[in-house]
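Chains as they are written, first to last, in our numbering: chain A, 10 to 366; chain B, 10 to 366.
Protein chains: 2
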Amino acid sequence: MVMTATGIELPPIWCPLAGARHPRVEEIERRAAAWLDRQRVYRDESERRMVLGTRGADFCARFTPYADEEGVLLAALWVYWACCFDDACCGHGPLSAAPERFARLAGQVQRALEAPTADSSAERFLPPLQDFARRMRRMRSPVQAARFAHAHRAWLSGVVWQIGNRAESHMPDLDEYLAMRRLAARGEPVFALLEIATGTETPDREFHRPAVRALTEMAMTVATLDNDRHSLHREPAAGHSGQNIYTVLMRDRNLAPADAVQEATRVRDRILARFLRLLPTVLAGAGPELRIYLAGLCHGVRGNAEWGLRVPRRPAETPPPPGAAEEPLEWAPSPADDDRTPLPAPSVAWWWDRALE
Amino acid sequence: MVMTATGIELPPIWCPLAGARHPRVEEIERRAAAWLDRQRVYRDESERRMVLGTRGADFCARFTPYADEEGVLLAALWVYWACCFDDACCGHGPLSAAPERFARLAGQVQRALEAPTADSSAERFLPPLQDFARRMRRMRSPVQAARFAHAHRAWLSGVVWQIGNRAESHMPDLDEYLAMRRLAARGEPVFALLEIATGTETPDREFHRPAVRALTEMAMTVATLDNDRHSLHREPAAGHSGQNIYTVLMRDRNLAPADAVQEATRVRDRILARFLRLLPTVLAGAGPELRIYLAGLCHGVRGNAEWGLRVPRRPAETPPPPGAAEEPLEWAPSPADDDRTPLPAPSVAWWWDRALE
């Protein structure tokens, strides 16, 4: 049991999936930091500390522990870039409640990713993204690059949605939140990095199967909700105005903060339980690339949770060196809710469709 | 030579591509109208007249003249739906300068397309879109449905961008306009309807080749610019505040309206000329499905132009019956510009890359 800054008890995370970490994590962190310095992704020393403090290399090393070093590094470059962009333009800063300006920036960002010739002079975040895109096109196939680009646009569309809600002081209900937040919290591009890091290309007809899509969305959503938990751990909790699973449930279900934490855990565990029940059926008929992809979803969920539990709570805290032996974590032995019926959230209820099995 | 309402001469369109129209266009129009009535896509008789006046069935019959009737009908349902949605929520109406509210609506619309269980009770445009999506999933493969969904999100992201510009009274320059308008003007989903209508599935490794993507973007952009021309023909032109190729060039290049019309024709013809030069190289190495797709791009450009030239200028005008024999149109014999260098617009300059050839 962990306490938040405001004294709310956070139950341990339920995640019966194996964890691993890429053995070259130190070298990957060093090389990513050198890229950040070269590309001047950050504006000053304090931003540099913030972005390195997110430990994006550690995140990617857990997310894709069996990819080769170059692949994990490629993924880490985007993760660091996106942290910095997110902090300056999405979650904070002058655009964070200005959807009209952010929508244009999002258009430019997306085009910088897609078009090798796009003008990147207008905005400091564009040249490093173009450098990442050049590396991605050099190392990966056009199919993989296209999948990443689609995921990237989905992310930006979710951020505009979230910023629009903020501008209107609109608090989404659970259904809207689950549809919006998976996008805004980088779920789509981060999980698209699985194929970018490993270099595996799942054939289209398997990749776009509804059951594979459902598993992907469930994995993203569990990771997103775990990130809300990690943020609650780091930031003042009760009553704050941001859109997260706790404020959403407090408003939607009229719950006190501590009850919202319990309910959020049940929502999250019901999704992971459905993921774990559907997974073997899909694995049974999967080809070799899809098997790697599905294993990646599992590493993604577990790696994200473990990164979130281990990353220092405040940027000022000195983390242990990346390769250091790790203290074991406490995990919940069973899900907080074993209800097998669909969540009362129409936008995701189809994950429970029998036809997927 | 055609005159606009304000007396500006519009040169004829250059388009050396074969045109055709599906022979069952009358039946398709009748069936699509019955669907619109059943689904209550419009709000009143005047909206019904407006949406039927767009002649979406005629558009699709020219766009995909060799698809089977069920496929053209499926495409037409979306085209009619999108016209009505666009008119009520994007180009006009209370959301047309309210990006914060439109971004949320866009999120709900996209989720209604993707998730069969999504709640569609909040907005009258959602149930008909879900009905279209159900039909699409029944008739087409998950790969085709996923491609359409990506294109659909790209469209909505472009509309938010355009609405944000309107809210800020920001007039884009040519580079921004070419990146934004292809999206906002439905270029992506309309051209994704090529595969939805024909049922052809281009293998992923061909579909995502950069040269195929460049041809697709060029075809979309030519069609978009032709639509700006058609709108100029129908609406008062000079000095109005909307974002179109003429107002963009007037502002960006400091041109009088008549000169902006000439310059816009040169921009558009340079893109089509590049498309026509690149096409044979790509066709040479194309498999059977890609050949059908590339032929579709050609029908798309030509069909869109011809539909725009033949659709009545004002909703009140009675059109000839859909199957009637057609007067020949006047076409320009040669491009207004034979400059083979890239357009001075970085976001699209890569279409001229030698590596694509």
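Built from N, CA and C at the ideal position, the CB exists for glycine as well. Computed from a predicted structure; not experimentally measured.
Cβ-Cβ distance between residue i and residue j below 7 Å
i	j	result
A121(B)	L135(B)	yes
D184(A)	A354(A)	yes
R147(A)	A201(A)	no
A228(B)	I22(B)	no
Q48(B)	D182(B)	no
V320(B)	R144(B)	no
W316(A)	R71(A)	yes
L45(A)	Y89(A)	yes
E109(A)	A163(B)	no
L281(B)	I254(B)	no
V50(A)	C92(A)	no
L299(A)	E366(A)	no
Residue i to residue j span [Cα, whole Å]
i	j	result
A85(B)	A42(B)	10 Å
A295(B)	F284(B)	16 Å
A124(A)	D347(A)	47 Å
R52(B)	R40(B)	19 Å
V310(A)	Q271(A)	20 Å
P344(A)	D362(A)	21 Å
A246(B)	P266(B)	Bear in mind that a pLDDT of 44 at A246(B), under 50, signals an unreliable position, so the number given afterwards is only what the model happens to contain. Each residue's Cα considered, the two are about 8 Å apart.
G102(B)	D96(B)	8 Å
I205(A)	E132(A)	25 Å
L83(A)	T230(A)	23 Å
H31(B)	A194(A)	45 Å
R415(B)	G100(B)	No answer is possible for residue 415(B): it lies beyond the span of chain B, which begins at 10 and ends at 366.
R218(A)	L292(A)	12 Å
P198(B)	D67(A)	39 Å
A115(B)	V118(A)	19 Å
W340(A)	C24(A)	7 Å
A188(A)	L203(A)	21 Å
L264(B)	L19(B)	16 Å
W360(B)	V221(B)	10 Å
Buried/exposed call for residue i, threshold 16 Cβ in 10 Å
i	result
H308(B)	buried
E54(A)	exposed
E38(A)	buried
H161(A)	buried
L192(A)	buried
T350(A)	exposed
G16(B)	exposed
G248(B)	Low confidence applies to G248(B): its pLDDT is 40, below 50, so where it sits in the model is not reliable, and the reading given next is rough at best. The residue is exposed, with fewer than 16 neighbouring Cβ atoms inside 10 Å.
H159(A)	buried
T73(A)	buried
R367(A)	An answer regarding residue 367(A) cannot be provided, because it is not within the stretch 10 to 366 covered by chain A.
D128(B)	buried
S166(B)	buried
T274(B)	buried
S105(A)	buried
H179(B)	exposed
E336(A)	exposed
L241(A)	buried
L338(A)	exposed
Start-to-end residues for the alpha helix (DSSP H) that takes in residue i
i	result
A121(A)	P108 to E123
P342(A)	No alpha helix (DSSP H) holds P342(A); DSSP gives it neither H nor E.
H179(B)	No alpha helix (DSSP H) contains H179(B), which DSSP labels as neither H nor E.
V50(B)	Counting along the chain, V50(B) falls outside any alpha helix (DSSP H), and DSSP gives it neither H nor E.
G317(A)	P297 to R319
D362(B)	D362(B) -> no alpha helix (DSSP H), and no H or E assigned at all.
Y255(B)	I254 to D261
P219(A)	P219 to R243
S55(A)	E54 to G62
D67(B)	G65 to F72
T274(A)	P266 to A293
L86(A)	E78 to F94
F141(B)	L135 to M148
I205(B)	G196 to T207
Closest Cα partner of residue i within the set the options
i	options	result
T211(A)	W340(A), C99(A), D128(A) and P151(A)	P151(A)
A232(B)	G196(B), F141(B), W90(B) and W44(B)	G196(B)
D268(B)	R279(B), A91(B) and T256(B)	T256(B)
A29(B)	A91(B), L19(B), A304(B) and T209(B)	A304(B)
V357(B)	C24(B), E79(B), L203(B) and R190(B)	R190(B)
G208(B)	Q153(B), F94(B) and M180(B)	Q153(B)
L306(B)	D261(B), L288(B) and L318(B)	L288(B)
Test: residue i CB closer than 7 Å to a CB of chain E
i	result
V118(B)	Of the protein chains in this structure, namely A and B, none is chain E.
Residue i: CB within 6 Å of a non-hydrogen atom of the ligand ATP
i	result
C92(A)	You won't find the ligand ATP in this model; it holds no ligand whatsoever.
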